[in-house]
Each structure stands twice: as structure tokens, then as C-alpha cells.
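Encoded as C-alpha cells, the structure appears first; notes follow it.
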Amino acid sequence: MRFLMTTKGTSPAPDEAMLAEMGAFIEEMTRSGVLLATGGLEPGGVRMTSRGGEVTVTDGPFAESKEAIVSFALVEARSREEAIELARRFWKIVGDGEGAVQQVFGPEDAPR
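Reading the sequence shown from the start, the letters are residues 1 to 112 in the UniProt record's numbering.
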């Protein structure tokens, strides 16, 4: 099962100790095959809205930046509980903040 873990822009800036601990955590998850992808996201981006067949594109940055998703990790876990435990480990390293864990569905998840 794949899960997308995201964080919002509410966490404090990282210090050297946190970066080292996070690096070790990422390396561990990569070696074990759990971590499929991870990265930070540009702060602004563009917002796209589709209404009545018309697509509107609005350039960022946006006022509610603390609500914006700023980083992600795509993981392979045996269960939702395992994904949540990985997220708990992440937040113990990072400290205060807010994020989400969502299961990712793909073609292989479709009924046959």
C-alpha cells in the first residue's frame, strides 16, 4: 500500500541536529525500500480552478502560505498503521507542525 505524507508550512526552521537526524531517517527508509520519493515544494506555485469548462490559472504566492503543503514523502507500507507510525517518527524528529497521511490508489487498486 502506498501513502502520501505531506507537511504544511507551519514547522519551525530546521537546525543542524534535526537535519542530521532527518538524513539518517531518510537513509534508513530508502535502504529498506519504504521511501519511494520525497522532496520540498516551491512556496508559490500556481493555483488552477476549473468551473463550467473554463480553467483559471492564478500565480502564487498566496496569502495563506501556512496552509500550503511544503513537503511530501511517498512511502510503501504494509498498512495504514505502519504509515502512521512512520509519520509519528517523522514528527518526533521535526517537532511542532501539521501534516496528513493519505493512501494513494492507482490502476493496480482497481477491481478486476
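C-beta atoms are modelled at their ideal positions from N, C-alpha and C, and glycine is treated no differently.
Everything numeric in this text was worked out from a predicted model, so none of it was measured.
Q) For Leu-41, which three-state DSSP category applies? A) coil
Q | Reference Ala-77; option with closest CA among Gly-9, Leu-35, Ala-17 and Glu-21 | A | Leu-35
Q: State the DSSP-derived secondary structure class of Thr-30, mapped to helix, strand or coil.
A: helix
Q.
Please state the DSSP three-state secondary structure of Asp-109.
A. helix
Q: With a floor of 4 residues, list each alpha helix (DSSP H) that falls wholly inside the segment 61-87, ordered by position along the chain.
A: none
(Q) Looking at the strands, I want to know which residues DSSP matches up with Phe-3. (A) Val-75 and Gln-103
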